[in-house]
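S.K.: This note's numbering puts the first residue of the sequence shown at 3, with every later residue one more than the last.
A virtual CB, placed ideally from N, CA and C, is assigned to each residue, including glycine.
My structure is below; once you've seen it, I'll send some questions.
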Amino acid sequence: MKTLVIYDNVGYIYLQLTSDDNRIPQGGINYLEVEVPGGKIIKSIDISVTPNEPIYEDMPKSELELLKEQVDNLTEANAELTSIVAMEKNNA
Numbered sequence: 003m004k005t006l007v008i009y010d011n012v013g014y015i016y017l018q019l020t021s022d023d024n025r026i027p028q029g030g031i032n033y034l035e036v037e038v039p040g041g042k043i044i045k046s047i048d049i050s051v052t053p054n055e056p057i058y059e060d061m062p063k064s065e066l067e068l069l070k071e072q073v074d075n076l077t078e079a080n081a082e083l084t085s086i087v088a089m090e091k092n093n094a
């Protein structure tokens with residue numbers, strides 16, 4: 003699918019539409035129609051080059067992904083702590 007990006011003369015994005023059938027603006031409106039790579043979002047438009055190009059950045063992690071990472075870290079820390087306690091009991 004292609005993403006239609008409508009932006010101003012300084013590269014500020016006003017609208018992004020992703021569709022198989024975007025209607026292309028006719029005259030007077032800056033736009034690009036691009037394929038956005040997986041895991042990326044369009045941050046702004048680089049107007050210093052011709053033709054203008056999108057500037058991509060990594061898609062931010064969702065709240066669920068952040069929570070899963072936190073659970074994984076806590077699980078690992080708990081396993082390490084359990085191992086330390088078990089070693090102390092064996093050495094006592």
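Residues in the same chain with beta-carbon distance under 6 angstroms from P27, minus the five sequence neighbours each way, listed in chain order, please.
M.R.: Cβ neighbours of P27 beyond the five flanking positions: Y33.
S.K.: Report the CB separation of I44 from Q18 in whole angstroms; it is logged as a contact under 8 angstroms.
M.R.: Right, the Cβ-Cβ distance comes to about 6 angstroms (below 8 angstroms), so this counts as a contact.
S.K.: What residue range does the alpha helix (DSSP H) around V73 cover?
M.R.: Start and end: E65 to N93.
S.K.: Which residue from G13, V7 and A81 puts its Cα closest to that of R25?
M.R.: Of the listed residues, the one whose Cα sits closest to R25 is V7.
S.K.: Count the other CB atoms, across all protein chains shown, that sit within 10 Å of the CB of Y9; report buried if there are 16 or more and exposed otherwise.
M.R.: It counts as buried.
S.K.: According to DSSP, is S50 part of a helix, a strand, or is it coil?
M.R.: S50: coil per DSSP, three-state reduction.
S.K.: Could you give the DSSP three-state label for N103: helix, strand or coil?
M.R.: Residue 103 is absent from the model: the chain starts at 3 and stops at 94.
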